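Visitor: Below you'll find the structure I mean.
Chains as they are written, first to last, in the numbering used here: chain Y, 1 to 111; chain G, 112 to 223.
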């Protein structure tokens, strides 16, 4: 079945640095991918929708300059957390196929 | 705007007990409804979905859910839970477009 591979699974970075998270569709092409953030004890919040070959669509309240999304090919979308701060620590999850397939998530810890 | 409410945040059951997890949504138009499961340390998996037709939907691992339009509900059920059903369960709704809105999740613990 359709698989979405997300890397890294865990990352620890220092405040002020940037971190890139990759999301790959392994056996299908994804013109659209979705990026979610999951806070402890809370639900998944949609951050943005990435569209292959065009600009991502960000949800209200999500800083597009802080969370850079690139969807340069039909199988790869990346989320870069720029100038990370401790409050950016969270679990980030990508999804493709409109809710059918999720990546395994990335636990980001900013120290 | 669409929203989802899951009433039970933590549920503890003994093996073989019956399960019902509540999910209510808010959206004025046609909706697609989903239940996902997240086992410890694993990624989200789709349990079942409702788009149209028979409001009683059967999913994987013996789970089912019933869409009751008049109550804006999509409760998840399983007649007899197993220890391996210990996980977090999320209800989600999709209204216009492809945007999924998730509930806050229900942590289910099944005790032997």
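Glycine residues also receive a C-beta, built at the ideal position from the N, C-alpha and C atoms.
What you are looking at is a predicted structure, and each value in this text was computed from that prediction instead of being measured.
Any beta-carbon of chain G closer than 8 angstroms to the one on residue 26 (chain Y)?
Guide: no
Visitor: Would you say residue 210 (chain G) reaches chain Y, if we count a Cβ-Cβ gap shorter than 8 angstroms as a contact?
Guide: By this cut-off, residue 210 (chain G) is an interface position.
Visitor: Per DSSP, what are the beta-bridge partners of residue 81 (chain Y) in this structure?
Guide: Y:19 and Y:67
Visitor: For residue 81 (chain Y), count the other beta carbons within 10 Å of its own beta carbon; 16 or more makes it buried, fewer makes it exposed. Which is it?
Guide: buried
Visitor: Does DSSP put residue 116 (chain G) in a helix, a strand or coil?
Guide: strand
Visitor: At least one CB of chain Y closer than 8 angstroms to the CB of residue 157 (chain G): is that the case?
Guide: yes
Visitor: With 8 angstroms as the C-beta to C-beta threshold (strictly closer), list the residues of the segment 51-77 of chain Y near chain G in chain order.
Guide: none
Visitor: Starting from the Cα of residue 44 (chain Y), find the closest Cα among G:133, G:219, G:115 and G:207 and give me that residue.
Guide: That would be G:115, whose Cα lies nearest to the Cα of residue 44 (chain Y).
Visitor: Buried or exposed: where does residue 3 (chain Y) fall if 16 or more other Cβ atoms within 10 Å of its Cβ makes it buried?
Guide: Residue 3 (chain Y) should be labelled exposed.
Visitor: Measuring straight from C-alpha to C-alpha, what distance separates residue 110 (chain Y) and residue 167 (chain G)?
Guide: Approximately 44 angstroms, taken between the alpha carbons.
Visitor: For residue 92 (chain Y), decide whether its Cβ has a neighbour in chain B, counting only Cβ atoms nearer than 8 angstroms.
Guide: Of the chains in the structure shown, none is chain B; the protein chains are Y and G.
Visitor: Can you tell me whether residue 194 (chain G) is buried or exposed? The criterion is at least 16 other CB atoms within 10 Å of its CB, across all chains shown.
Guide: exposed
Visitor: Are residue 174 (chain G) and residue 134 (chain G) close, meaning C-beta to C-beta below 8 angstroms?
Guide: no
Visitor: In chain order, what residues of the same chain lie with their CB nearer than 6 angstroms to the CB of residue 28 (chain Y), ignoring the 5 residues before and after it?
Guide: So the qualifying residues of the chain are 2.
Visitor: For the segment 76-92 of chain Y against the segment 11-21 of chain Y, do three or more pairs of beta-carbon atoms, one drawn from each stretch, fall closer than 8 angstroms, so that the two count as touching?
Guide: yes
Visitor: Just grab the DSSP bridge partners of residue 220 (chain G) for me.
Guide: Paired residue(s): G:123.
Visitor: Does residue 145 (chain G) get closer than 8 angstroms to chain Y when you measure Cβ to Cβ?
Guide: yes
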